[in-house]
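A.B. asks:
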Ligand code: SF4
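Residue numbers (the numbering used here): 35 to 499.
Next up, the structure:
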């Protein structure tokens, strides 16, 4: 039996790095997991041979058109689908390692396809609104109010979860980074911090939060705007704007914000992808700007879900200059040239960065090309678009050949033309993942697997294209 310490959990974007795992090397399986939450434990225990993991939802064998086959045959079919495609879509990438993401990007470049990540239906508006705020910032002085999770743990005295339920999505977030752990300025942990929850429904956070504010669906912007006015001392019209809301609680939150030594607002998909998302995000950014203008140190922190979605964003920013939704196709370039989207300066910059094939940024491109039937094949990795994209868009995937690489069964895998089972990244294969605050961490291979890694499968596809 081998015991490994400080293992990184590859389930959610918290990437908890204090997990202890006992491995039965002979049986090639994880025997025991400590320090992880139930979601993490389940993923570690799903590792091992296919025979042992049938119940863990693993894909047991490669499939072509629903029939089990050999890996060589499945790979041959995957390559031929992508070879024949004139404009393929490469989609997902949130639940795979950075090295696999790099090869997926290279495949897309080589095929002059379209690449989009799961952020297109999660945090896409956040990046766009943030970019707009930075561009419009006073005197052109752009500021991003950012902190790492460690800085938050050491300093935060006021922790706000807004439209987020970490108990369901990131079970150790509160105990490892935000509310419970002791920090330099919160020596007694939770006793030295205040927890506030803002949401459209009551969540388990209500039980532990000192203050809970219920917001009508899609009206987060109104709450943020009232708080902004209250912390800035602009009281005119505030009462009217707060009609139907709990004004006493709003005033109490504004006072807590102004008195906080260091505050953080963790925003979830309830705000970032819900009704009026753009307006909500914009109002929250303005609130954080107003707080910092009042010398109250505050940061806004999106709760990223998939374990390496931050890696995909980092890769795309590094390689293309855009966080998601990039189109490498000829038409996109022609269109961009016509619209004069890219000026000479941009071109020179791209050349300096050594980009082989330039791309065009089109927010929401995956949804667009699927809806308009503009892609003729799809390579899907680390995502389940049939379960997560809007039905009208997702159904287009059923009409084109799709290649799915995944360790686990999913709705998309069930309907895929080719399914290639892979090793679980961070348990059966090593790689790199970026935590939700963009800190890169090394994922270990802790147990042998009969499946190749995502990176190995992609490399083989790339080599044969
Ligand atoms: S909170 Fe996330 S990273 Fe941490 S143990 Fe649970 S699933 Fe794993």
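Where a beta carbon is used, it is the ideal one built from N, C-alpha and C, also for glycine.
Following the continuous beta strand (DSSP E) through residue 245, name the residue where it begins and the one where it ends.
C.D. replies: Start at 1 with the first residue of the chain shown, and residue 245 comes out as number 211. Residue 245 -> beta strand (DSSP E) spans 245–248.
A.B. asks: Using a threshold of 8 Å, is the CB atom of residue 206 nearer than that to any non-hydrogen atom of the ligand SF4?
C.D. replies: The residue you call residue 206 lines up with position 172 of the chain shown. Yes; taking the cut-off as 8 Å, the Cβ of residue 206 has a heavy atom of the ligand SF4 nearer than that.
A.B. asks: Can you list, in chain order, the residues of its chain whose CB lies under 7 Å from that of residue 137, leaving out five sequence neighbours each side?
C.D. replies: As a position in the chain shown, residue 137 is number 103, starting the count at 1. Closer than 7 Å at the Cβ level, and outside the excluded window around residue 137, lie 489, 492, 493 and 496.
A.B. asks: Check whether the Cβ of residue 53 lies closer than 8 Å to any heavy atom of the ligand SF4, and answer yes or no.
C.D. replies: For the purposes of this step, residue 53 is taken as residue 19 along the chain shown, with counting starting at 1. Yes, the ligand SF4 has a heavy atom inside 8 Å of this Cβ.
A.B. asks: Where does the unbroken alpha helix (DSSP H) through residue 151 begin, and where does it stop?
C.D. replies: Along the chain shown, read from residue 1 onward, the residue named residue 151 stands at position 117. It is not in any alpha helix (DSSP H) - residue 151 instead sits in the beta strand (DSSP E) that spans 148–151.
A.B. asks: Determine, using beta carbons only, whether residue 399 and residue 150 come nearer to each other than 9 Å.
C.D. replies: Stepping through the chain shown from its first residue, residue 399 is reached at position 365. Stepping through the chain shown from its first residue, residue 150 is reached at position 116. It is a contact, given that the beta carbons lie within the stated cut-off.
A.B. asks: Return yes when the Cβ of residue 415 is within less than 9 Å of the Cβ of residue 438, no when it is not.
C.D. replies: Numbered from 1 along the chain shown, position 404 holds the residue referred to as residue 438. Numbered from 1 along the chain shown, position 381 holds the residue referred to as residue 415. Taking 9 Å as the Cβ cut-off, residue 438 and residue 415 qualify as a contacting pair.
A.B. asks: Taking the beta strand (DSSP E) that residue 465 belongs to, which residues open and close that run?
C.D. replies: Counted from its first residue, the chain shown places residue 465 at position 431. Run containing residue 465: 465–468, per the beta strand (DSSP E) assignment.
A.B. asks: Just to confirm, is the Cβ distance from residue 461 to residue 64 under 9 Å?
C.D. replies: On the chain shown, residue 461 is found 427 positions in, with the first residue counted as 1. On the chain shown, residue 64 is found 30 positions in, with the first residue counted as 1. A contact, by the Cβ cut-off of 9 Å.
A.B. asks: Where residue 443 and residue 426 are concerned, what is the direct C-alpha to C-alpha distance, given to the nearest angstrom?
C.D. replies: Residue 443 sits at position 409 when you count from the first residue of the chain shown. Residue 426 sits at position 392 when you count from the first residue of the chain shown. Taking the straight line from one Cα to the other gives about 22 Å.
A.B. asks: Answer yes if the stretch 178–194 comes into contact with the stretch 279–294, meaning at least three C-beta pairs across the two stretches below 8 Å, and no otherwise.
C.D. replies: They touch, by the three-pair rule.
A.B. asks: Jot down the residue ranges of each uninterrupted alpha helix (DSSP H) in the stretch 107–174, minimum 4 residues, whole runs only, in chain order.
C.D. replies: DSSP runs (the alpha helix (DSSP H)) wholly in the stretch 107–174: 132–145 and 158–170.
A.B. asks: Report the rounded CA-to-CA distance for residue 100 versus residue 449, giving the unit in angstroms.
C.D. replies: Residue numbering aside, residue 100 sits at position 66 when the chain shown is read from its first letter. Residue numbering aside, residue 449 sits at position 415 when the chain shown is read from its first letter. Between residue 100 and residue 449, the C-alpha separation is close to 8 Å.
A.B. asks: In this structure, how does DSSP classify residue 389 when only helix, strand and coil are distinguished?
C.D. replies: Translated into positions along the chain shown, residue 389 becomes position 355. The predicted model places residue 389 with a pLDDT of 48, which falls under 50 and marks its position as unreliable; any figure quoted below should be read in that light. In the structure shown, residue 389 sits in coil (DSSP, three-state: anything other than H, G, I, E or B).
A.B. asks: Comparing C-alpha positions only, which one of 59, 158, 134 and 266 sits nearest to residue 457?
C.D. replies: Locating residue 457 in the chain shown gives position 423, where the first residue counts as 1. Comparing Cα-Cα distances from residue 457 to each of 59, 158, 134 and 266, the minimum goes to 134.
A.B. asks: Would you say residue 303 touches the ligand SF4, meaning its beta carbon is less than 8 Å from a heavy atom?
C.D. replies: Position 269 of the chain shown holds residue 303. No, the ligand SF4 has no heavy atom inside 8 Å of this Cβ.
A.B. asks: Following the continuous alpha helix (DSSP H) through residue 17, name the residue where it begins and the one where it ends.
C.D. replies: Look at the range of the chain in this structure, 35 to 499, and you will see that residue 17 is not part of it.
A.B. asks: Can you check DSSP and say which residues form a bridge with residue 361?
C.D. replies: By one-based count along the chain shown, residue 361 stands at place 327. DSSP, once it has assigned bridges, lists 148 and 394 as partnering residue 361.
A.B. asks: Is it buried or exposed, residue 364, if we count other Cβ atoms within 10 angstroms and call 16 or more buried?
C.D. replies: For the purposes of this step, residue 364 is identified with residue 330 of the chain shown, where counting begins at 1. That one is exposed.
A.B. asks: Three or more C-beta pairs under 8 Å: does that hold for the stretch 335–354 against the stretch 464–481?
C.D. replies: With a cut-off of 8 Å, the stretch 464–481 and the stretch 335–354 count as touching, because enough Cβ pairs lie within range.
A.B. asks: Select from 271, 232 and 197 the residue whose C-alpha is nearest the C-alpha of residue 286.
C.D. replies: By one-based count along the chain shown, residue 286 stands at place 252. Here the closest residue by C-alpha is 232.
A.B. asks: Please report the Cβ distance between residue 230 and residue 243, rounded to the nearest whole angstrom; I am assuming they are in contact, meaning their Cβ atoms lie under 8 Å.
C.D. replies: Locating residue 230 in the chain shown gives position 196, counting from the first residue. Locating residue 243 in the chain shown gives position 209, counting from the first residue. At roughly 6 Å, the Cβ-Cβ gap stays under 8 Å, so residue 230 and residue 243 are in contact.
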